[in-house]
Ligand code: SF4
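Numbering (this note's numbering), first residue to last: 10 to 361.
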């Protein structure tokens with residue numbers, strides 16, 4: 010068997026003490042047919058996952074793909090040079106943003122640390138968090154930090170949605186909070202990454218609740234062992250939210266059963282919310298249009314880098330201002346080459 014590589018502590022989500030929504034009521038659920046769902050379920054049968062050539066990763070995160078829209082080379086330098094990454098001036102801003110996110114998350118539920126000993130434990134907590142939040146969404150209430158995962162364009166992708174809630178029209182709205190040091194809306198370059206990020210979340214979320222994720226995707230693509238007995242803390246947490254499982258495979262089966270009969274709709278609206286870090290005042294909100302064909306085309310362009318089909322690219326010439334705030338500018342070959350031969354940058358078109 011594989012060595013345990015995920016000895017860690019992962020946060021599991023539970024409802025606030027005053028809230029009694031934590032009954033999954035699995036025995037009362039009936040599996041909905043495709044007709045009842047009102048749409049034909051798409052099946053991604055036969056998807057074969059190759060490990061990503063670059064960095065031998067099992068999956069990509071939505072955050073990494075979002076960073077890639079800023080500068081692909083910066084992303085790669087960050088992975089190869091974690092010691093420089095730690096000196097990025099933006100880290101303080103990122104950490105402050107994380108604290109604000111956590112405070113907001115705790116408004117709707119509690120988090121409890123769970124000891125995980127295997128990769129199956131870690132992934133199991135992710136699944137349990139989804140299972141816990143589905144009934145809350147079905148009850149028309151708000152959830153935060155909703156995990157999503159799936160296979161997009163042949164690659165495993167994982168992420169966490171900031172917030173899902175319903176508006177007055179009854180539409181399911183994804184709200185992504187961004188906190189900003191400056192009291193102003195982001196420019197086009199940042200907004201591009203944000204739009205890409207929420208678009209990917211929608212693809213992953215809709216795929217989950219449409220039942221497009223299958224057992225073999227989870228087990229084979231993420232190389233997880235169905236027979237692996239879940240850690241005692243994970244089993245205890247599952248019981249706490251009404252799920253009696255022993256192995257990872259049993260948990261996956263429960264997960265897929267719940268997804269097959271959920272009443273939760275696809276996401277109707279994508280929205281960005283920008284807040285000022287110091288004052289926590291609202292800077293503004295932006296509705297993000299969703300164009301699946303364009304999004305998938307952009308994604309394929311970015312994935313070509315991860316699957317080793319091409320080398321990483323630096324910024325376009327019109328975006329050279331990004332280099333002035335980049336922690337890797339001293340070591341960046343792209344920047345060095347561009348100062349010697351600026352015309353090389355002119356040939357670098359944005360990945361579309
Ligand atoms: Fe990208 Fe510019 Fe940084 Fe190089 S210096 S990694 S091109 S942002």
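Idealized CB from N, CA, C, for every residue including glycine.
- Residue 120 sits in a strand when the DSSP states are folded into three classes.
- Membership of residue 165 in any alpha helix (DSSP H) is not indicated; the residue belongs instead to the beta strand (DSSP E) covering 164-175.
- Under the 8 Å Cβ criterion, the segment 276-290 counts as touching the segment 184-198, having at least three qualifying pairs.
- Looking at the DSSP output, residue 280 shares a beta bridge with 184 and 296.
- In the structure shown, residue 243 adopts helical secondary structure according to DSSP, grouped into three states.
- For the segment 190-227, the continuous alpha helix (DSSP H) assignments of 4+ residues that do not extend past its boundaries occur at 197-218, in sequence order.
- Membership of residue 64 in any beta strand (DSSP E) is not indicated, and neither H nor E is assigned to it by DSSP.
- For residue 84, the closest of 345, 241, 333 and 315 by C-alpha to C-alpha distance is 315.
- Between the beta-carbon of residue 181 and that of residue 343 there is about 41 Å, and that puts the pair past the 8 Å contact cut.
- Residue burial annotation: residue 206 is buried, with at least 16 other C-beta atoms found within 10 angstroms of its C-beta.
- DSSP links residue 156 through a beta bridge to 169.
- For the pair residue 20 and residue 122, the CB atoms are nearer than the 7 Å cut-off.
- Remark: C-beta atoms of residue 151 and residue 117 approach each other more closely than 7 Å.
- Of all residues, those with a beta-carbon under 6 Å from at least one heavy atom of the ligand SF4 are 80, 82, 83, 86, 323, 324, 331, 332, 335, 337, 338, 341, 343 and 344, reported in chain order.
- Taking C-beta atoms as the reference points, residue 166 and residue 183 fail to come closer than 7 Å.
- Going by DSSP, residue 132 is part of the alpha helix (DSSP H) stretching over 128-147.
- For residue 325, there is no enclosing alpha helix (DSSP H), since its DSSP letter is neither H nor E.
- A residue is called buried once 16 or more other Cβ atoms fall within 10 Å of its Cβ, and residue 244 is buried on that count.
- Taking all protein chains in view, the Cβ of residue 317 is surrounded by fewer than 16 other Cβ atoms within 10 Å, so the residue is classified as exposed.
- Proximity of the segment 292-308 to the segment 204-223 meets the contact definition, three or more beta-carbon pairs being nearer than 8 Å.
- Nearest Cα to residue 178 within the set 305, 143, 73 and 278: 278.
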